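Chains as they are written, first to last, in our numbering: chain A, 1 to 248; chain B, 1001 to 1247. We put the beta carbon where it would ideally sit given N, CA and C, even for glycine. In this text the structure is predicted, and so the values were computed from the model without any measurement. Written out below as structure tokens is the structure these notes cover.
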Ligand SMILES: Nc1ncnc2c1ncn2[C@@H]1O[C@H](COP(=O)(O)OP(=O)(O)O)[C@@H](O)[C@H]1O
Ligand SMILES: [Mg+2]
């Protein structure tokens, strides 16, 4: 469904994403794990067509994201980092706007908005303006936007960031359920999240894939069977990174 | 057509954005008060003793200099500040649809402001016997002028996430577009450089092209000039938006 080949993104001299390749099929939930600044968001922005890649190829459902972006974007639902939304709009207005841009009209649009509102529990804030929402509701509003056209592919950048433990639990459950018949790629730096929701994990560090496999496979790499030990063994903490870059 | 539907959706959102906050109403009131003030007090509308709207249209290039950037400054800078640009540009629409939709919404808003000045037309028709063709041409010119300033603002708002910077840059560029053909400035210039150079510079000024409309002349060259400014500025907006993401 999604295949990414030798993806590179350079910001000036800096390579934010450096030769990343992978593919994901329907029914998989792929977790992007990595420390801050690893290149998770940049990779997702390329897959969703926001950043053009410096080089490499992105295929979504058989459509090349660079050659035929509109067809590729139709298949994707995207929750950007920090869940942006138009401050001056109500939740209802915002969701209707997004549905319209997705080509939904009339009754189909009403049904789509209704379904997304139910999935994300937004009934109580439907007519509240987005800038007055709490962080959890704002996040869920943006998540609802990504689900509105019932897309085949879901790309979620830190979908549980800023949520309280109950909300985190709900969102993980939702991801798992949606992953049964869609492709879901989500990023996180929370390790339990990966175990709770993913069928496969890719660990990224400094723009490169440093490990990939099922959560169980990765855990087997450490003597104690703990994911965080694996994570710490293969990614570098920020402080070491600065020293390494200074030496280079 | 898909493109039109997308442009309409963007326009609708942008327009309703103006009216859900008090800003739109404040703007409309300020605009109407200022046009009234300039026309009747400074422009000596009544003392002129002629049935025309010259004293009304003369002030538009100066009035718009601040009011149009104020209307357009948030168009793209707000998208960048909120991060919604990422949402908008990952939707199945092209960036030019978004650019055109936003531009048209603001232009429509300015057209509404301009339409609300209809009492001056009634007044001048009540007291005298003006050439309404000339008045119509004046309105067309004024709308084109507003559109040109707005396209400039669209471009500057794509440059920064800060609305104030977007406003200031836009005022500066529009001021240049005025001064390049403002008679006191061109008179001064002719003392230093050859008249040919002055004419070339003045050809880029909105003043040179706005005057024709005020005289009631709908010259294609003037229309083409304003349309080109709008086209060029919106094209530049697209280039800026694309380059920001190219890294
Ligand atoms: N627009 C940009 N311009 C310059 N550098 C950027 C830009 N976006 C991201 N980066 C850099 O690329 C690297 C990867 O960032 P990002 O993909 O946001 O990481 P993550 O999401 O994994 O925390 C970081 O070092 C970041 O500073
Ligand atoms: Mg990130």
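In the three-state reduction of the DSSP assignment, residue 106(A) falls in the helix class. Residue 130(A) is a Cβ neighbour of residue 87(A), given a cutoff of 8 angstroms. Residues of the region 1003-1036 of chain B with a C-beta less than 7 angstroms from any C-beta of chain A: 1006, 1009, 1013, 1017, 1020 and 1021, listed in chain order. Excluding residues up to 5 positions away in sequence, 90, 91, 92 and 117 lie with their Cβ nearer than 8 angstroms to the Cβ of residue 126(A) in the same chain. Screening all residues for a C-beta within a distance smaller than 6 angstroms of any heavy atom in ligand 1 leaves 11(A), 16(A), 34(A), 36(A), 37(A), 38(A), 39(A), 40(A), 41(A), 42(A) and 1247(B), in chain order. Taking one beta carbon from each stretch, the region 1044-1058 of chain B and the region 1113-1126 of chain B have 3 or more pairs nearer than 8 angstroms; the two touch.
Along the region 1091-1103 of chain B, the positions whose C-beta sits under 9 angstroms from a C-beta of chain A are 1091, 1092, 1093 and 1094, read in chain order. Within 9 angstroms of the CB of residue 126(A), no CB atom of chain B is found; the nearest one sits about 16 angstroms away.
If you check each beta-carbon in the region 1075-1088 of chain B against every beta-carbon of chain A, the ones closer than 7 angstroms belong to 1082, 1083, 1084, 1086 and 1087. In the assembly as shown, residue 1167(B) is a buried residue. Its beta-carbon has 16 or more other beta-carbons within 10 Å. At a cut-off of 8 angstroms between beta-carbon atoms, residue 1105(B) makes no contact with chain A. Taking a Cβ-Cβ cut-off of 7 angstroms, the neighbours of residue 85(A) in chain B comprise 1084, given in sequence order. Put simply, the region 1209-1223 of chain B touches the region 1127-1147 of chain B. At least three CB pairs are less than 8 angstroms apart. Boundaries of the beta strand (DSSP E) around residue 187(A): 183-188.
Taken through DSSP and simplified to helix, strand or coil, residue 1027(B) comes out as helix.
Of all C-beta pairs linking the region 1199-1207 of chain B to the region 1171-1182 of chain B, three or more are shorter than 8 angstroms, placing the two stretches in contact. As computed with DSSP, residue 64(A) is found in a beta bridge with 59(A). Spatial neighbours of residue 1038(B) in its own chain (CB-CB distance under 6 angstroms, excluding positions within 5 residues in sequence) are listed in chain order as 1059. When C-alpha distances from residue 153(A) are compared across 57(A), 28(A), 75(A) and 21(A), the shortest belongs to 75(A). The region 1191-1223 of chain B is shown to contain whole alpha helix (DSSP H) runs of 4 or more residues at 1195-1203 and 1206-1214, in chain order.
Within 7 angstroms of the CB of residue 48(A), the CB atoms of chain B belong to 1090, in sequence order along the chain. For ligand 2, a non-hydrogen atom lies closer than 7 angstroms to the CB of residue 158(A).
Residue 1135(B) sits in a helix when the DSSP states are folded into three classes. Between the C-alpha atoms of residue 104(A) and residue 66(A) there is a straight-line separation of about 24 angstroms.
By the criterion of a C-beta distance shorter than 7 angstroms, residue 8(A) is surrounded in its chain by 15, 17, 18, 19, 53, 54, 55 and 56, once the five residues flanking it on both sides are discounted.
In the assembly as shown, residue 177(A) is an exposed residue. Its beta-carbon has fewer than 16 other beta-carbons within 10 Å. Look at the region 1051-1075 of chain B and you find these whole runs of alpha helix (DSSP H), each 4 residues long or longer: 1054-1057 and 1060-1072.
Here the alpha carbons of residue 189(A) and residue 203(A) stand approximately 10 angstroms from one another. When C-alpha distances from residue 1128(B) are compared across 1102(B), 1241(B) and 1046(B), the shortest belongs to 1046(B).
Cβ neighbours of residue 1151(B) within its own chain (closer than 7 angstroms, five residues either side excluded): 1103, 1229, 1230, 1233 and 1234. Contact annotation: residue 215(A) and residue 198(A) have beta-carbon atoms nearer than 8 angstroms. Of all residues in the region 1053-1078 of chain B, none places a beta-carbon less than 7 angstroms from a beta-carbon of chain A. Look at residue 193(A): its beta carbon is at least 7 angstroms from all of the heavy atoms in ligand 2.
Distance from the CA atom of residue 110(A) to the CA atom of residue 68(A), rounded to whole angstroms, is 29 angstroms. In this structure, DSSP gives residue 2(A) an extended state, which the three-state scheme calls strand. The beta carbon of residue 26(A) lies closer than 8 angstroms to those of 1, 152, 181, 182 and 183 in the same chain, with the five residues before and after it left out.
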